[in-house]
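Numbering (our numbering), first residue to last: 28 to 118. Heads up: the structure comes next, in structure tokens.
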């Protein structure tokens with residue numbers, strides 16, 4: 028698995044915008060993560076390893092902290108209020 032991170036996409040197409048603006052997007056191909064010997068039962072560990080490498084790279088290169096891991100996998104009815112609080116159901 029080759030993790031890829033992008034930086035600058037928010038500036039060229041802000042959330043909710045219908046227009047793409049000119050700008051620069053940095054694309055980084057990170058060191059591959061081996062899947063040798065990884066079976067279906069260990070997929071969560073593999074996923075966490077890849078995500079951690081991507082989060083580390085974003086922090087080291089751009090000072091961007093990743094959302095809590097849970098936030099990337101929650102259903103749309105759950106909202107993260109801040110990184111210090113627990114998720115709450117929205118109604």
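Beta carbons: idealized from backbone N, C-alpha and C, even for Gly.
inquiry  = Quick test of your reading: residue 30 and residue 81, contact by CB under 8 angstroms. State the CB separation rounded to the nearest angstrom.
reply    = For the purposes of this step, residue 30 is taken as residue 3 along the chain shown, with counting starting at 1. For the purposes of this step, residue 81 is taken as residue 54 along the chain shown, with counting starting at 1. Confirmed, Cβ separation roughly 5 angstroms.
Check: Start and end of the alpha helix (DSSP H) containing residue 33?
Finding: Position 6 of the chain shown, counted from the first residue, corresponds to residue 33. Element bounds for residue 33: not the alpha helix (DSSP H) but the beta strand (DSSP E), 31–34.
Query raised in the report: Between residue 52 and residue 32, which are expected to be in contact by the criterion C-beta below 8 angstroms, what is the C-beta distance as a whole number of angstroms?
Result: In the chain shown, residue 52 corresponds to position 25, counting from 1. In the chain shown, residue 32 corresponds to position 5, counting from 1. Going by Cβ atoms, the distance from residue 52 to residue 32 rounds to 11 angstroms, so no, they are not a contact pair.
Simplified DSSP state of residue 83, which is helix, strand or coil:
Looking up residue 83 in the chain shown gives position 56. Residue state, collapsed to three classes: helix.
- Excluding the five sequence neighbours on either side, which residues of its own chain have a C-beta within less than 8 angstroms of the C-beta of residue 91, listed in chain order? Counting from 1 along the chain shown, the entry for residue 91 is found at position 64. Closer than 8 angstroms at the Cβ level, and outside the excluded window around residue 91, lie 34 and 85.
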